[in-house]
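Trainee: Note that numbering that gives the first Met the number 0 numbers the sequence shown so that position 214 is 213, with each residue one more than the last.
Just so you know, even glycine gets a beta-carbon here, dropped at the ideal spot from N, CA and C.
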Amino acid sequence: MLTTDKKRVVIKIGSSSLTSLHGEISRRKLEKLVDEVVQLKDDGHEVLLVSSGAVAAGYRKLGCLERPSSLPEKQAAASIGQGLLMESYSDLFLSHGYMGSQILITRSDFSDEDRYNNARNTINVLLERGIIPIVNENDTITIDRLKFGDNDTLSAKVAGLVDADQLIILSDIDGLYDDDPRKNENAQLLQNVHEITPEIEAVAGEPGSDVGTGGMKSKIDAFKITMASGISSFLGKAGNDNIVYDAVYHNAKGTYFEATEDTENLDQKKQWIAFNSGPEGDVIIDHRAKESIVEMKKSLLPMNVHHVNGRFKKGAVVRIHDLHGEEIGLGVVNYSSDEMKEMIGLTEPELESYEKAAIEREDFVCHLEVALPVGV
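1) If we count the other Cβ atoms within 10 Å of its Cβ and call it buried at 16 or more, is GLY328 buried or exposed?
2) Going by the beta-carbon positions, is the gap between ASP321 and LYS269 smaller than 7 angstroms?
3) For PRO132, write down the residues that DSSP places opposite it in a beta bridge.
4) What do you reckon, are the CB atoms on GLN81 and ILE133 nearer than 7 angstroms?
5) Leaving aside the five residues before and after GLU359 along the sequence, list all residues of the same chain whose C-beta is less than 6 angstroms from its C-beta, in chain order.
6) Taking the alpha helix (DSSP H) that VAL36 falls in, what are its first and last residues?
7) Terminal residues of the continuous alpha helix (DSSP H) containing ILE292?
8) Excluding the five sequence neighbours on either side, which residues of its own chain have a C-beta within less than 8 angstroms of the C-beta of GLU30, listed in chain order?
9) What number of angstroms, rounded off, separates the C-alpha of LEU84 from the C-alpha of LEU126?
10) CB-CB under 8 angstroms to SER51, same chain, minus the five flanking residues each way: which ones, in chain order?
11) Span of the beta strand (DSSP E) holding LEU88?
12) Alpha carbon to alpha carbon, how far is LEU103 from ASN137?
13) Which of helix, strand or coil does DSSP assign to GLN165?
14) So what's VAL202 in DSSP terms, helix, strand or just coil?
15) What's the C-alpha gap between LYS6 and GLY238?
16) From which residue to which residue does the beta strand (DSSP E) around LYS340 run?
17) What's the gap between the Cα of GLY213 and the Cα of ALA201?
18) Using alpha carbons as the reference points, say which of ILE284, TYR353, ASP337 lies closest to HIS323.
19) Select from HIS286, VAL247, PRO278 the residue whose C-alpha is nearest the C-alpha of ASP42.
20) Looking only at its chain, what residues have a beta carbon closer than 7 angstroms to the beta carbon of ASP173, apart from the 5 residues adjacent to it on each side?
21) Taking the alpha-carbon of VAL331 as reference, which of PHE256, LYS312, GLU349 has the nearest alpha-carbon?
22) Quick check on DSSP: helix, strand or coil for ILE380?
23) Is the CB-CB distance between MET339 and VAL317 below 7 angstroms?
24) With a cut-off of 8 angstroms, do at least 3 Cβ pairs link the stretch 157–168 to the stretch 69–77?
25) How should THR225 be labelled, buried or exposed, when 16 other C-beta atoms within 10 angstroms of its C-beta is the threshold for buried?
26) Where does GLY52 fall in DSSP's three states?
27) With ALA122 as the anchor, note down where its alpha helix (DSSP H) starts and where it stops.
28) Could you check what DSSP says for PHE311 in three-state terms: helix, strand or coil?
29) Can you name the start and end residues of the alpha helix (DSSP H) that LEU350 belongs to?
30) Please state whether the Cβ-Cβ distance between LYS223 and ALA203 is less than 7 angstroms.
Written as C-alpha cells, this is what we have:
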C-alpha cells in the first residue's frame with residue numbers, strides 16, 4: 000500500500016513480545032517484527048525501533064539457566080545480549096536491503112540539553128539516510144537513579160526527541176480496556192482515547208499492584224508524554240498479524256491515543272523542560288505572581304520571587320511552587336540561585352539593574368497546560 004503520506008514512526012517492543020516460553024529470544028517473533036517494519040520502509044516511512052531483549056538474548060551465553068535476578072548478572076547478560084540482538088536485527092534487515100544501527104541511551108543523555116540535541120541530530124541523520132535506528136537503554140552501565148524506568152517511557156521520550164508522527168507500543172495485550180479484562184469478562188476495549196482521565200489512570204493502576212493490566216501504568220505515562228507533544232500513539236498486541244503495518248494505517252485492533260485538535264502541544268524546548276530536564280531547585284512565588292504567570296501567561300519577574308531552595312546555575316530548570324507548597328510548573332532560570340536570593344527583599348528601583356525576567360514565559364511549562372507523569 001503505497002502512500003504519499005510519509006510518517007516517522009517509533010515502534011516499541013518489550014521482551015515478552017520477543018521471547019519464547021523459555022525466556023530466550025524467539026527468531027520467529029523477531030522475523031515477524033522485521034517483516035512488518037520492512038513493509039513500512041517499502042512504503043516510504045521512516046522507522047525507529049525501541050527494543051528490549053538484551054538480557055534475554057545473553058543470559059544463557061553467560062552460563063545462567065534462568066533469567067538472572069541480580070543487577071550485576073543482568074548487566075553482564077545485557078553486555079553479551081546487546082551485540083547478539085543487534086546482529087540478529089542487522090542480518091534480518093540486510094536480507095531485505097535495509098541497514099540497522101545501534102543507539103544506546105541513558106537518562107543523563109536526555110537530562111543534559113546539549114547531549115539531548117546531539118542525540119536528536121544523530122538520529123535525524125540516520126532516519127534521513129534510510130537507516131533504521133534501534134534504540135535501547137544502556138543496561139550494562141545504567142544505575143537505578145539514572146534509569147528511564149522502562150522502555151515505554153523511553154519510547155515516548157524518543158518519539159518526542161525525533162518529532163515522530165506516531166508511537167506504536169507493542170505488548171501482550173490488545174489495548175486499553177475500561178476495566179481489568181483478567182477479572183471482568185465484560186471489560187470493553189477502548190478504541191480511541193483523547194484524554195487521560197482519572198478513570199483511565201484508576202484502571203491502569205499503580206506499578207506492581209494487582210490492579211492494572213500488563214504494566215499499563217507505565218504505558219499510560221508514556222501516552223501522557225506523546226499526547227502532550229502532539230504525537231499520535233497506538234497500543235496493541237504484538238502477536239496479532241500485521242499489527243505494526245495496520246496500526247500505521249489505522250486498521251489495527253487496539254487503542255489509539257490522540258489529543259484533540261484544540262490541545263496545546265509542547266514545542267521541542269518545552270518537551271525537554273517537561274519530560275527530560277531534571278529540576279535542580281525550587282522557586283517559590285506568591286499568589287499575584289502565580290496569577291500573572293499562569294492565567295495572564297506573563298514572565299516571572301525578579302520582584303515576584305519570594306523564596307529559593309537549592310543551589311543552581313543560570314540556565315538550570317527549577318520547580319515553581321506557590322506559598323502553599325503546590326507545584327505550579329517547571330521553568331528555566333535566567334539567574335543563579337545566589338543571584339535570585341540577593342534579589343529577595345530589594346526595592347523596585349534596586350531591581351532595575353536586573354534586566355531579564357527570572358523565568359521567561361516561553362521557558363515555563365505549567366502543570367495546568369500538560370499533565371506530567373510522576374517521576375519522568
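Mentor: Once the coordinates are examined:
1) So GLY328 ends up on the buried side.
2) Going by C-beta atoms, ASP321 is not nearer than 7 angstroms to LYS269.
3) Partner(s): SER100.
4) No; because the gap between Cβ atoms is not below 7 angstroms, this pair is not in contact.
5) Closer than 6 angstroms at the Cβ level, and outside the excluded window around GLU359, lie SER298.
6) VAL36: member of the alpha helix (DSSP H) spanning 26–41, first to last residue.
7) Judged by DSSP secondary structure, ILE292 falls within the alpha helix (DSSP H) whose first and last residues are 286–293.
8) Within the same chain, LEU91 come within 8 angstroms of GLU30 by CB-CB distance, once the 5 residues on both sides are set aside.
9) In this structure, the straight-line span from the alpha carbon of LEU84 to that of LEU126 is close to 20 angstroms.
10) Same-chain partners within the cutoff: ILE12, GLY13, SER14, LEU17, ASN135, ASN150.
11) It is worth fixing the name first, because residue 88 is Tyr in this sequence and not Leu. Element bounds for TYR88: not the beta strand (DSSP E) but the alpha helix (DSSP H), 70–93.
12) Those two C-alpha atoms are separated by around 5 angstroms.
13) It is a strand residue.
14) It is helical.
15) Between LYS6 and GLY238, the C-alpha separation is close to 23 angstroms.
16) Note, LYS340: premise wrong, no beta strand (DSSP E); alpha helix (DSSP H) at 336–342.
17) In this prediction, GLY213 has a pLDDT of 46, which is less than 50 and means its spatial position is unreliable; what the coordinates show is noted afterwards. Going from the Cα of GLY213 to the Cα of ALA201 covers about 14 angstroms.
18) Nearest of ILE284, TYR353, ASP337 to HIS323, Cα basis: ILE284.
19) Comparing C-alpha distances from ASP42 to each of HIS286, VAL247, PRO278 shows the shortest one belongs to VAL247.
20) Apart from sequence neighbours up to five positions away, the residues of its chain that approach ASP173 with a beta-carbon distance below 7 angstroms are LEU188, GLY235, LYS236, LYS252, GLY253, ordered along the chain.
21) Comparing Cα-Cα distances from VAL331 to each of PHE256, LYS312, GLU349, the minimum goes to LYS312.
22) In the structure as shown, the chain begins at 0 and stops at 375. Residue 380 is therefore absent and cannot be evaluated.
23) 7 angstroms or more divides the Cβ of MET339 from the Cβ of VAL317.
24) Verdict: no, contact absent.
25) Classified as buried, THR225 has 16 or more neighbouring CB atoms from the shown chains inside 10 Å of its CB.
26) Three-state result, GLY52: coil.
27) The sequence given here has Ile at residue 122, not Ala. Where ILE122 is concerned, the enclosing alpha helix (DSSP H) stretches over 112–127.
28) Here PHE311 sits in coil by DSSP.
29) DSSP places LEU350 in the uninterrupted alpha helix (DSSP H) bounded by 347–350.
30) Not a contact, by the Cβ cut-off of 7 angstroms.
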